[in-house]
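In our numbering, the protein residues as written are 257 to 548. Even glycine gets a Cβ: it sits at the ideal position worked out from N, Cα and C. Below is one structure, written out as structure tokens, with a few remarks after it.
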Ligand code: GUN
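If you want it as structure tokens, here you go:
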């Protein structure tokens, strides 16, 4: 069993972007600039956005964090996005999800111009991705592809079972793994809450991508010997032993499942770090496209 190490892999990607940014700086060019919007004060969202901003600084990107409280109106948020769309110094815009219930997420996602849609959530980005055209790929699936690539894992002809069908992870992941590219070329089964015989389907999987958001859901009796297991779950569960008061759990029961795997991603230290690497790659690519 080999651990797919998100720390090592994301660091390699960040180092390569950092080198490219240094070249831009040496040539007197401006640096890529990411704008992040955070609404409300969810602890998890705060942590994710703080990591994204910190990573920008590490690799030499500029970043702008716009924070709003829960009471912001939809129109105010849309106006903020409009200002960022038309600001030439901004290359990428992300709005951390989820948003408060009174704000329509689809309207917000569609307000970001596709050229700055570094989260890859805009229907134009998703449509281009489905058509196999160059596009921003949602950061988590993109990070997973980068991870498979980094470890040179052959995926052609494998049966991939994706558990989860969210717009952010499950749906794009299924499409990407079925594309006729590397990594990809898999036979893909998408499973979700209405799937019958989930265990039997998982037992046929050469690759399992667990993205359902239920801590330690995937157990050893659902996994074939030698399978590649990618754990997308990041759930906070109460833990009195931790200073923070919570532990981070994946969707896979790592202790049980890992001995059966050829490769497995840990939580924390796996896909979460790769999501940030994917976002940074998208932001760099947005900069390059806008400055061509
Ligand atoms: N919420 C959970 N995952 C993500 C993500 O990748 N991007 C944004 N913007 N919000 C999220």
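Residue i Cβ short of 7 Å to the ligand GUN heavy atom set
i, result
"residue 374", "no"
"residue 401", "no"
"residue 267", "no"
"residue 353", "yes"
"residue 531", "yes"
"residue 395", "yes"
"residue 457", "no"
"residue 359", "no"
"residue 294", "no"
"residue 486", "no"
"residue 350", "yes"
"residue 424", "yes"
Strand pairing of residue i, partner residues [DSSP]
i, result
"residue 466", "419 and 487"
"residue 501", "Residue 501 is not bridged to any residue."
"residue 258", "519"
"residue 294", "323"
"residue 435", "Partner(s): none; residue 435 has no beta bridge."
"residue 494", "502"
"residue 527", "DSSP output for residue 527 lists no bridge partner at all."
"residue 380", "Paired residue(s): none; residue 380 is not in a bridge."
"residue 448", "The partner list for residue 448 (beta bridge, DSSP) is empty, contrary to what the question assumes."
"residue 508", "474"
"residue 443", "415"
Whole-Å CB distance - residue i paired with residue j, under 8 Å assumed
i, j, result
"residue 276", "residue 540", "7 Å"
"residue 390", "residue 378", "Contact flag wrong, Cβ pair sits at about 14 Å."
"residue 476", "residue 516", "6 Å"
"residue 440", "residue 260", "Wrong, their Cβ atoms sit about 17 Å apart, outside the cutoff."
"residue 531", "residue 399", "5 Å"
"residue 469", "residue 501", "Incorrect: roughly 20 Å between the Cβ atoms, too far for contact."
"residue 287", "residue 324", "About 26 Å; that fails the 8 Å criterion."
"residue 346", "residue 411", "Actually they do not touch by this definition, with Cβ atoms about 35 Å apart."
"residue 424", "residue 446", "Contact flag wrong, Cβ pair sits at about 14 Å."
"residue 451", "residue 471", "So it is not a contact: roughly 19 Å between Cβ atoms."
"residue 311", "residue 270", "7 Å"
"residue 356", "residue 326", "5 Å"
"residue 479", "residue 444", "Residue 479 to residue 444, Cβ: 17 Å. No contact."
"residue 523", "residue 506", "3 Å"
"residue 482", "residue 434", "Not quite, the Cβ-Cβ distance comes to about 21 Å (not below 8 Å), so this is no contact."
"residue 549", "residue 461", "Outside the displayed span of the chain (257 to 548) sits residue 549, for which this structure offers no information."
"residue 521", "residue 487", "5 Å"
"residue 294", "residue 279", "The pair is not a contact, with the Cβ atoms about 31 Å apart (cut-off 8 Å)."
"residue 360", "residue 330", "6 Å"
"residue 374", "residue 547", "With 8 Å as the limit, residue 374 and residue 547 do not qualify as a contact, their Cβ atoms being about 15 Å apart."
Residue i at chain D interface by Cβ criterion, 8 Å
i, result
"residue 324", "The structure shown has no chain D; it contains just one protein chain."
What alpha helix (DSSP H) runs, 4 residues minimum, are completely inside the stretch 302-358? 330-341
Beta strand (DSSP E) runs contained entirely in the stretch 382-417, provided each spans 3 or more residues: none
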